[in-house]
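As C-alpha cells, the structure follows; a few thoughts come after it.
Residue numbers (the working numbering): 73 to 474.
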C-alpha cells in the first residue's frame, strides 16, 4: 500500500464533480456528444475575450526572453501594481502591490493562504453547501474543517456560524457568488459576520481571518449585486481566479490579495510568498501574468449564461422542481424531487443528463447543474428535463417534450 491511508480515503470519497465529468466522457463516446447533456463541471463555455487573446498574441510576437524566465516569487511587480490599483478602485481600500501575490488560480491562492496562517489543529469554518476541495485545502495546511449550515435559500446563518466558532478558529472561508448554489451574500450579512468575528476576537484576543474565494464576482445577474467582502470584513484575504471571467480555466492564473485592514497584513503577505515557493507553486505562469494585467478593468458580459439560467429556471419550475434562483455564478442547486439524490442522479443519467449530487458539496438532497454550456446544449436538454419532471411529478402538466 504505497499511498498513505489519508490519501486512500480521500480518493475513495473522491470528487463527485470529476467522477461525473469522466462518466460524461464515456457516455459521449457511446451516445455521441450531441446526445449527452453534460452539466457536471464548471468548465466555461466560449472563447476568451478578444482583448485577452490579442494581448497574448502581442506578447508572444514581441519574443522577449524575459517573458519565459523566472520572476520574483510574488509575481511581476508591475503586474501586481496594476492588480492592486484595480482592487483599490473597486473596493476603495488602499491596496498596495506588496499585498498582492500572483498564483496558479484561486486554488493556489487558497492553499498558499491557508498554509501561511494555519498552525496544526487550527480550525477553519466552511459554509455548506461548499466547494468540495475546501476540505482538502484546509487539511493540506494542517487545519481542521468545521462545517456550518446555511439557510433554506443558501444565505449565511449567523446562528450556525456562531456555533461553529471555537477558541481554535483561525479562519472562515466565504464564496460569493457561491459554488454550487449561485447565492450572493448581501452587505448586511457580511457586516453581521464581521460583528460576530469581532466579538470572537475580543473573547480570544486572536483575529479570525476571512478567506474570500471570488472567482465568480463578475458573473452576477440582474436584480443582484456583488458586495466585496473586503469592504465589510476587516481581516480579509481575497483569492481570485481569471478562470471564469476570462474563460481560461486551463491557464491557471489568479492572485491572493491581503486587505490592508487585516491584522498583520505585511507578515501574512511575506508568509504567502514563502509558502507559495515551498509548496512547489514557485511562480504563476509568466505569459498569463502579463496578459491578464492588460485586461484588469475589462467588464465582460455573459448573455449566454443569463439565457441558460432563465431557460433552465423556467423549465425546471414548470416541471415541478424546487429551485432557488441563483444571483450569480453559473450553477443551479435544485432540491432532489425523490429525497434520494443518488436515485435522481441515476434517473437523470437515463435521460443522458449529467448532474452532480449535493452530498459532494456537503448538502444532501440536492443536485448541482453547471449551466456554463452552449445555449444550444441547454435548448436541446429541455425536453429531457420535462420528461424527468413527468417521472417525478406525474400529476403535474408538463410542457412540450418534443
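Positions of the beta carbon are idealized from the N, C-alpha and C atoms, including for glycine.
Item, Value
"The region 251-260 contacting the region 400-411, beta-carbon criterion three pairs below 8 Å", "yes"
"Distance between residue 159 and residue 77 (C-alpha atoms, nearest Å)", "42 Å"
"Backbone CA spacing between residue 409 and residue 459 [nearest angstrom]", "13 Å"
"Cα-Cα separation between residue 229 and residue 239, rounded to whole angstroms", "20 Å"
"Per DSSP, the bridge partner or partners of residue 195", "216, 241"
"Extent of the continuous beta strand (DSSP E) to which residue 440 belongs", "439-442"
"Own chain residues within Cβ distance below 7 Å of residue 413, not counting five before or after", "429, 430, 431, 436, 437, 438, 439"
"Counterpart residues of residue 400 in DSSP-defined beta bridges", "292"
"Assigned secondary structure, residue 410 (DSSP; H/G/I helix, E/B strand, else coil)", "coil"
"Spatially closest choice to residue 81 from 379, 208, 187, 167, by CA coordinates", "208"
"Residue 202, DSSP secondary structure in three states", "coil"
"As assigned by DSSP and simplified to three states, the class of residue 222", "strand"
"Cβ pair residue 236, residue 218 closer than 7 Å", "yes"
"Residue 178 vs residue 329 beta-carbon contact at 7 Å", "no"
"Residue 522 burial status per 10 Å Cβ neighbour count (16 or more: buried)", "A query on residue 522 cannot be resolved here, the shown segment of the chain reaching from 73 to 474 and no further."
"For residue 325, the three-state DSSP class (helix, strand or coil)", "coil"
"Residues bridged to residue 109 (per DSSP)", "425"
"Own chain partners of residue 359 with C-beta closer than 8 Å, once the 5 adjacent residues on each side are dropped", "128, 131, 132, 139, 140"
"Local conformation of residue 479 per DSSP, three classes", "Since the first residue of the chain shown is 73 and the last is 474, residue 479 is not available in this structure."
"Sub-7 Å separation of residue 184 and residue 348 beta-carbons", "yes"
"Residue 256 - containing beta strand (DSSP E), residue span", "Looking at the DSSP string, residue 256 is not in any beta strand (DSSP E), and its letter there is neither H nor E."
"As assigned by DSSP and simplified to three states, the class of residue 248", "coil"
"Sub-7 Å separation of residue 426 and residue 221 beta-carbons", "no"
"Sequence-distant residues of the same chain with beta carbon closer than 7 Å to residue 474, five excluded per side", "Here the model assigns residue 474 a pLDDT of 41, short of 50, so the residue's position is not dependable and the matter cannot be decided."
"Nearest-angstrom beta carbon gap, residue 116 and residue 247 [assumed within contact, 8 Å]", "Not confirmed; about 17 Å, so no contact."
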